[in-house]
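S.K.:
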Amino acid sequence: MGVSVRQRLGKSSACRAQARGRSERYLAPMKQKLPTLVAQARGGRVVRTPFLDGDDLDRRTLQDDEVRSVLAGGFPDARRVVLTLYPAHIPEVDSGVTVLRVTPAPGGPAWDLQDFSVQLRRLNLPEDQLGDVREERGGSFLVATTGKAAQILADLTELGGRAVAVEVVGETAGRGSKTREVVVPSLRVDVVGAKGFGISRAYFQQGIDGGKVRLNGQPARASSEIREGDSLSAEGLGRIDFKRVVNETRRGNFKVELEVHR
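Just so we're aligned: the sequence shown equals residues 11 to 272 in the working numbering.
#1: Taking A7 and G84 to be in contact with their CB atoms under 8 Å, please state how far apart those CB atoms are, rounded to whole angstroms.
#2: Taking one C-beta from the stretch 95-107 and one from the stretch 116-132 each time, how about it: are there three or more such pairs within less than 8 Å?
#3: Name the residue from D219, Q215, G64, R224 whose alpha carbon lies nearest to the alpha carbon of V92.
#4: Can you tell me which of the three DSSP states P39 falls into?
#5: With H, G and I counted as helix, E and B as strand and the rest as coil, what does DSSP make of Q73?
#6: Let's see if you can read the secondary structure: which residues bound the beta strand (DSSP E) around S241?
#7: In three-state terms, what does DSSP make of A115?
#8: Excluding sequence positions up to five away, which residues of its chain have a Cβ less than 6 Å from the Cβ of R70?
#9: Regarding P45 and the ligand COA, is the C-beta to nearest heavy atom distance less than 7 Å?
#10: What runs of the beta strand (DSSP E), each 3 residues or longer, lie entirely inside the stretch 214-239?
#11: Can you say whether A98 is buried or exposed, counting buried as having 16 or more other CB atoms within 10 angstroms of its CB?
#12: Can you tell which of R211, K222, T113, V202 has its C-alpha closest to the C-alpha of G170?
#13: Return the chain-ordered list of same chain residues with a C-beta closer than 6 Å to the C-beta of I250, the five sequence neighbours on each side being excluded.
#14: Tell me the rounded alpha-carbon separation between R90 and G221.
#15: On the premise that G248 lies in contact with R211, defined as a C-beta separation below 8 Å, what is that separation, rounded to the nearest angstrom?
#16: Taking Cβ to Cβ, would you say T108 is nearer than 8 Å to E181?
#17: Closer than 7 Å by C-beta to V192: which residues in its own chain qualify, once you throw out the five before and the five after it? Chain order, please.
#18: With a floor of 3 residues, list each beta strand (DSSP E) that falls wholly inside the stretch 80-160, ordered by position along the chain.
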């Protein structure tokens, strides 16, 4: 027997509620400064923002031994993200993000990303509950959502006068994450990024020059050094979370642990 989108979302929400307990609450973006949110999580609360511009977050503020964080936007290189902060004694929480695939029915002019985005805005959904929107091959669109917007879109059967099919992709549209240990001659962004993604340094440098690589939400420079706790995202490639320096080799190289999200 099939399972509806609503049932899948409901089941997912129920599981998340068990993990969260009764402490979670939603906060309006930028009404409280990040250090305040960290302090609230340190005090025992699970706090979550709506979607924010990742460039507005100073990720170094999140480094606190008593607080853990989940930063998610549904895509490894998402520009808009939801931040969840929780006490370190809680094993884990969900990201609060649901990625939906919306497929318009055949017939009529094909929509591009701009066409779809215009129709999406006409639904008058809360902007802070919508994240990045991506176009897939074949005419489908992926939408990162949170809160009530996720349920409204999941129930959608028509958009802009066209029938649509909606399915839940999950918390992320990426292929998942993998922890890697690699050896690099330096901790420069261009060196670590190229090694982590398994591409040439020259190719990664092109992405940096084109403004497609960001370090902790800010445009990256090749000469910048990446440190423990930093996050490096590259458009079209994914995201690297720098976990730690494992050791320094006899030849002066660094063995580092990276979590690579595709």
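Just so it is clear, CB atoms sit at the ideal spot from N, CA and C, and this is done for glycine as well.
M.R.: Looking at the atomic coordinates:
#1: Any question about residue 7 goes unanswered here, given that the chain covers just 11 to 272.
#2: no
#3: G64
#4: Residue confidence is low: P39 scores 47 on pLDDT, short of 50, so the model does not pin down where it sits. Its coordinate-derived value is still stated next. If DSSP states are grouped into helix, strand and coil, P39 belongs with coil.
#5: coil
#6: 241-244
#7: coil
#8: none
#9: This structure lacks the ligand COA; in fact it carries no ligand of any kind.
#10: 223-225
#11: exposed
#12: T113
#13: G206, L242, L268, V270
#14: 17 Å
#15: Between G248 and R211 the Cβ distance is about 17 Å, and since that is not below 8 Å, they are no contact.
#16: yes
#17: K205, G206, V266, L268
#18: 90-97, 108-114, 140-145, 151-155
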